Amino acid sequence: MSQPTLNQYETVKYSRIYSLGATRGDLTVTNDDIAGPIDSSDEWIRQRTGIITRKRASKDLSLMDMAVSASNEAIAKAGIQASEIGAVIFSTITHPHQTPSAAALLADKIGANPAPAFDISAACAGYCYGIAQADALVRSGVAKYVLVIGGEKLSDFIDPTDRTISFLLGDGAGAAIVGPSDTPGISPTVWGSDGSHWDAVGMSASLLELRDGTANWPTLRQEGLTVFKWAVWEMVKVARQALEVAGIKVEDLAALVTHQANIRIIDELAKQLEVPEHVVIARDIVYTGNTSAASIPLAMHALLESGEVKSGGLALEIGFGAGLAFGAQVVVLP
Amino acid sequence: MALSQNEVLAGLAEIVNDETGIATEAVQLEKSFTDDLDIDSISMMTIVVNAEDKFGVKIPDEEVKNLITVADAVNFITNAQ
Chain H
1 MSQPTLNQYE TVKYSRIYSL GATRGDLTVT NDDIAGPIDS SDEWIRQRTG IITRKRASKD
61 LSLMDMAVSA SNEAIAKAGI QASEIGAVIF STITHPHQTP SAAALLADKI GANPAPAFDI
121 SAACAGYCYG IAQADALVRS GVAKYVLVIG GEKLSDFIDP TDRTISFLLG DGAGAAIVGP
181 SDTPGISPTV WGSDGSHWDA VGMSASLLEL RDGTANWPTL RQEGLTVFKW AVWEMVKVAR
241 QALEVAGIKV EDLAALVTHQ ANIRIIDELA KQLEVPEHVV IARDIVYTGN TSAASIPLAM
301 HALLESGEVK SGGLALEIGF GAGLAFGAQV VVLP
Chain E
1 MALSQNEVLA GLAEIVNDET GIATEAVQLE KSFTDDLDID SISMMTIVVN AEDKFGVKIP
61 DEEVKNLITV ADAVNFITNA Q
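Sequence lines, in order, name chains H and E.
Under this note's numbering, the residue at position 320 of the first sequence is numbered 320, and the numbers go up by one with no gaps.
Under this note's numbering, the residue at position 69 of the second sequence is numbered 69, and the numbers go up by one with no gaps.
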């Protein structure tokens with residue numbers, strides 16, 4: 001008796017981002033609101049970070065609420081049914097449960113149940129990690145449509161007296177639908193990690209230390225200058241590599257959408273990359289703050305909504321942060 | 001060939017000028033980066049990276065906090081060449 005031939009997934013040649021959705025925290029927090037506990041001022045914070053206000057979520061607005069809202073917008077704009085989603089990838093570092101995943105609950109809440117659903121822990125690189133995986137799932141034929149979401153309620157994990165990172169942080173969720181395409185819409189991703197700097201950004205303590213009473217509620221911390229140096233001069237190499245593997249030059253870009261870490265990082269990275277004037281540089285951080293995994297889709301969504309960039313243009317998106325983890329790809333704007 | 005202290009100072013002054021707009025002649029050995037030149041920590045790190053590139057030296061992150069005055073930086077770079 002001959003052995004039967006297995007079926008395998010039929011591959012799809014290209015993928016693209018169909019749509020984006022964005023939800024920010026419902027509160028506008030000024031620099032004056034938070035300057036006191038860090039012995040700072042509106043001027044100092046603006047000069048060091050570029051932030052004028054940041055969006056944070058009130059107590060009753062959860063990470064999941066923001067994720068559902070952003071996802072529903074992306075699904076509606078993509079013109080698909082939630083039931084057609086073949087995978088849900090949720091990048092977050094602020095889902096308050098070690099398990100189960102935020103993605104499984106999100107999938108159920110938006111009507112994508114029983115889609116496979118899982119979380120990514122890649123912090124500020126998480127959205128680009130998610131797009132890389134969605135691209136692979138779609139082109140390999142595993143899923144027709146994938147929902148990628150970067151969402152954070154960072155305000156649950158900040159220390160008002162911390163001068164290293166807390167005052168930068170905001171809350172929000174950005175969603176993308178990735179699906180099959182007739183033309184190339186997502187370049188190869190340049191991604192990686194450097195665990196030799198595992199301590200450079202992250203939580204102040206582990207849950208076990210909290211349990212044992214040796215630490216207070218863990219909050220975010222960073223070695224600012226080390227991270228700044230890495231985020232500019234190492235990430236410019238990653239950005240150049242991403243352009244190279246995409247087969248384009250920096251002048252072909254319509255937009256540069258970096259992780260919204262700090263305006264000084266964004267501007268120095270753009271300077272080192274020699275971004276020409278016609279390329280729009282996303283600076284959503286000014287009024288949203290640093291929202292970790294949510295910052296790239298929120299910033300891209302804002303550029304599209306304001307009309308500063310148009311659908312069909314090319315955008316280099318690059319995420320970098322705790323891990324240290326990084327990811328970059330060129331995408332066709334939805 | 002290793003650069004002299006004056007040559008390092010002149011090169012460093014150009015880097016400071018490029019990053020901050022401070023006139024090169026204002027970048028003098030006895031000046032403090034923070035107190036006299038009003039250079040913040042992020043600009044200081046940019047200056048450090050550009051100095052590493054220009055002078056072909058390595059300035060470890062943990063060393064940056066010890067570079068209080070222009071002379072500290074010039075001496076470090078001169079000795080590290």
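For each residue, glycine too, the CB sits at the ideal point set by N, CA and C.
Quick caveat, the model's predicted, so the values are computed rather than measured.
What's the gap between the Cα of residue i and the Cα of residue j?
{"i": "Asp199 of chain H", "j": "Cys124 of chain H", "result": "15 Å"}
{"i": "Ile309 of chain H", "j": "Ala117 of chain H", "result": "Correcting the residue identity first, residue 309 of chain H is Val in this sequence and not Ile. About 32 Å."}
{"i": "Asn75 of chain E", "j": "Thr226 of chain H", "result": "23 Å"}
{"i": "Asn79 of chain E", "j": "Val236 of chain H", "result": "29 Å"}
{"i": "Asn66 of chain E", "j": "Arg264 of chain H", "result": "23 Å"}
{"i": "Gly192 of chain H", "j": "Gln28 of chain E", "result": "42 Å"}
{"i": "Val148 of chain H", "j": "Ala134 of chain H", "result": "7 Å"}
{"i": "Phe33 of chain E", "j": "Leu333 of chain H", "result": "43 Å"}
{"i": "Glu223 of chain H", "j": "Val48 of chain E", "result": "16 Å"}
{"i": "Thr30 of chain H", "j": "Thr53 of chain H", "result": "5 Å"}
{"i": "Ile266 of chain H", "j": "Pro188 of chain H", "result": "22 Å"}
{"i": "Pro184 of chain H", "j": "Ala246 of chain H", "result": "10 Å"}
{"i": "Ala322 of chain H", "j": "Lys249 of chain H", "result": "28 Å"}
{"i": "Asp18 of chain E", "j": "Ala261 of chain H", "result": "23 Å"}
{"i": "Val68 of chain H", "j": "Asp40 of chain E", "result": "41 Å"}
{"i": "Ile120 of chain H", "j": "Asn113 of chain H", "result": "19 Å"}
{"i": "Ala293 of chain H", "j": "Asp35 of chain E", "result": "37 Å"}
{"i": "Ser15 of chain H", "j": "Val16 of chain E", "result": "46 Å"}
{"i": "Ile89 of chain H", "j": "Ile177 of chain H", "result": "10 Å"}
{"i": "Ala13 of chain E", "j": "Val286 of chain H", "result": "31 Å"}
{"i": "Glu186 of chain H", "j": "Gln329 of chain H", "result": "Correcting the residue type first, residue 186 of chain H is Ile in the shown sequence and not Glu. In a straight line, the C-alpha of Ile186 of chain H is about 7 Å away from that of Gln329 of chain H."}
{"i": "Ser311 of chain H", "j": "Thr11 of chain H", "result": "26 Å"}
{"i": "Ser196 of chain H", "j": "Asp182 of chain H", "result": "41 Å"}
{"i": "Ala82 of chain H", "j": "Gly111 of chain H", "result": "6 Å"}
{"i": "Ser91 of chain H", "j": "Gln3 of chain H", "result": "42 Å"}
{"i": "Thr20 of chain E", "j": "Leu243 of chain H", "result": "30 Å"}
{"i": "Leu137 of chain H", "j": "Ile22 of chain E", "result": "52 Å"}
Could you pull the start and end residues of the alpha helix (DSSP H) that residue i belongs to?
{"i": "Arg48 of chain H", "result": "Asp42 to Thr49"}
{"i": "Val74 of chain E", "result": "Val70 to Ala80"}
{"i": "Val49 of chain E", "result": "Ser41 to Phe55"}
{"i": "Gln133 of chain H", "result": "Gly126 to Arg139"}
{"i": "Ala107 of chain H", "result": "Ala102 to Lys109"}
{"i": "Glu62 of chain E", "result": "Asp61 to Val64"}
{"i": "Ala70 of chain H", "result": "Leu63 to Ala78"}
By the 10 Å Cβ neighbour count, where 16 or more other Cβ atoms means buried, how is residue i classified, buried or exposed?
{"i": "His97 of chain H", "result": "exposed"}
{"i": "Leu6 of chain H", "result": "exposed"}
{"i": "Trp230 of chain H", "result": "buried"}
{"i": "Glu62 of chain E", "result": "exposed"}
{"i": "Gly213 of chain H", "result": "exposed"}
{"i": "Tyr9 of chain H", "result": "exposed"}
{"i": "Ile131 of chain H", "result": "buried"}
{"i": "Leu208 of chain H", "result": "exposed"}
{"i": "Glu317 of chain H", "result": "buried"}
{"i": "Ser43 of chain E", "result": "buried"}
{"i": "Ile45 of chain H", "result": "buried"}
{"i": "Glu43 of chain H", "result": "exposed"}
{"i": "Glu268 of chain H", "result": "buried"}
{"i": "Lys58 of chain E", "result": "exposed"}
{"i": "His335 of chain H", "result": "An answer regarding residue 335 of chain H cannot be provided, because it is not within the stretch 1 to 334 covered by chain H."}
{"i": "Ser306 of chain H", "result": "exposed"}
Could you tell me how far apart the beta carbons of residue i and residue j are, in whole angstroms, since I believe they sit closer than 8 Å?
{"i": "Thr23 of chain H", "j": "Ala70 of chain H", "result": "4 Å"}
{"i": "Leu173 of chain H", "j": "Gly141 of chain H", "result": "Reading off the sequence shown, one finds Ala at residue 173 of chain H, where the question assumed Leu. The pair is not a contact, with the Cβ atoms about 28 Å apart (cut-off 8 Å)."}
{"i": "Gly50 of chain H", "j": "Ala143 of chain H", "result": "Not confirmed; about 38 Å, so no contact."}
{"i": "Gly21 of chain H", "j": "Ala255 of chain H", "result": "Not a contact, Cβ separation roughly 18 Å."}
{"i": "Gly170 of chain H", "j": "Gly25 of chain H", "result": "6 Å"}
{"i": "Ala102 of chain H", "j": "His95 of chain H", "result": "4 Å"}
For the beta strand (DSSP E) containing residue i, name the first residue and the last one.
{"i": "Thr53 of chain H", "result": "Thr53 to Arg56"}
{"i": "Arg16 of chain H", "result": "Tyr14 to Arg24"}
{"i": "Asp119 of chain H", "result": "Ala117 to Ile120"}
{"i": "Leu256 of chain H", "result": "Ala255 to Thr258"}
{"i": "Tyr145 of chain H", "result": "Tyr145 to Lys153"}
{"i": "Leu332 of chain H", "result": "Note that residue 332 of chain H is Val in the sequence shown here, rather than Leu. Here the beta strand (DSSP E) through Val332 of chain H covers Ala325 to Val332."}
{"i": "Glu7 of chain E", "result": "Glu7 of chain E -> not in any beta strand (DSSP E); alpha helix (DSSP H) instead, spanning Gln5 to Thr20."}
{"i": "Phe228 of chain H", "result": "Where Phe228 of chain H is concerned, there is no enclosing beta strand (DSSP E), although the alpha helix (DSSP H) it sits in stretches over Gly224 to Lys229."}
{"i": "Thr288 of chain H", "result": "Here Thr288 of chain H belongs to no beta strand (DSSP E); instead the alpha helix (DSSP H) covers Ile285 to Thr288."}
{"i": "Ser181 of chain H", "result": "Asp171 to Ser181"}
{"i": "Met203 of chain H", "result": "Val201 to Met203"}
{"i": "Glu317 of chain H", "result": "Leu314 to Gly321"}
{"i": "Ser91 of chain H", "result": "Ile85 to Ser91"}
* Asked: Listed from N- to C-terminal order along the chain, which residues in the region 33-51 of chain E have their beta-carbon within a distance smaller than 7 Å of any beta-carbon of chain H?
  -> Asp40, Ser41, Ile42, Met45, Thr46 and Val49
* Asked: For the region 225-251 of chain H, which residues have a CB atom closer than 8 Å to at least one CB atom of chain E, in sequence order?
  -> Leu225, Thr226, Phe228, Lys229, Val232 and Trp233
* Asked: Going along the region 252-273 of chain H in order, which residues come within less than 7 Å of chain E, judged by CB to CB distance?
  -> Arg264 and Glu268
* **Near-chain E residues of the region 193-226 of chain H (beta-carbon distance less than 9 Å), N- to C-terminal order** => Of all residues in the region 193-226 of chain H, the ones placed with a Cβ closer than 9 Å to any Cβ belonging to chain E are Glu223, Gly224, Leu225 and Thr226, in chain order.
* Asked: For the region 42-62 of chain H, which residues have a beta carbon sitting closer than 8 Å to at least one beta carbon of chain E?
  -> Of all residues in the region 42-62 of chain H, Gln47 and Arg48 have a Cβ within less than 8 Å of some Cβ in chain E.
* If contact means a Cβ-Cβ distance below 8 Å, which residues of the region 60-79 of chain E contact chain H? -> Asp61 and Val64
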